Amino acid sequence: MVTIADYCHHIAPSLTGCCRHWYTNDGDGLNAVQASELAAILQGSIDACRIDDYARRLASGQSNIRLQDDSAEIDRLLLVQRPLPRHELERSYANEFVNQVQRFIDFLLISDGFEIL
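So our numbering is basically just the index in the sequence shown, starting at one, shifted up by 92.
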């Protein structure tokens with residue numbers, strides 16, 4: 093399963109290393125300055141289309157990271173009369189991935205840091 097945390101580790105490994113436990117609820121997190129820095133790095137990856145390349149590689153299977161099954165997407169595809177071409181599926185996944193990261197950026201910008209509880 094690919095998470096926003098995975099992308100954060102990929103794009104900003106030294107900064108995300110400040111939070112050692114991204115996948116547990118132990119109160120670890122980033123302070124306000126670190127959260128702001130991470131938001132800027134993530135936004136830069138959107139602006140430079142690096143996130144788009146990353147997401148398209150995930151969607152096309154050119155990455156060693158396994159995608160999480162998305163039952164809503166599967167249901168939507170089953171209702172479509174014709175199968176979508178692979179490039180349209182990749183674009184759809186990339187758009188959703190970028191959207192989710194943008195929402196996380198918005199959170200980082202309005203937070204005073206965060207703790208994973």
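Yeah, the Cβ is synthetic: ideal placement off N, Cα and C, and Gly gets one too. Source: prediction; values computed, not measured.
Checking the DSSP bridge columns, you'll see N123 partnered with G205.
Taking a contact to require three or more Cβ pairs closer than 8 Å, the region 129-136 and the region 178-185 do not qualify as touching. The Cβ-Cβ distance between A140 and D204 does not fall below 7 Å. Counting C-beta atoms within 10 angstroms of its own C-beta, T108 has 16 or more neighbours from the protein chains shown and is therefore classed as buried.
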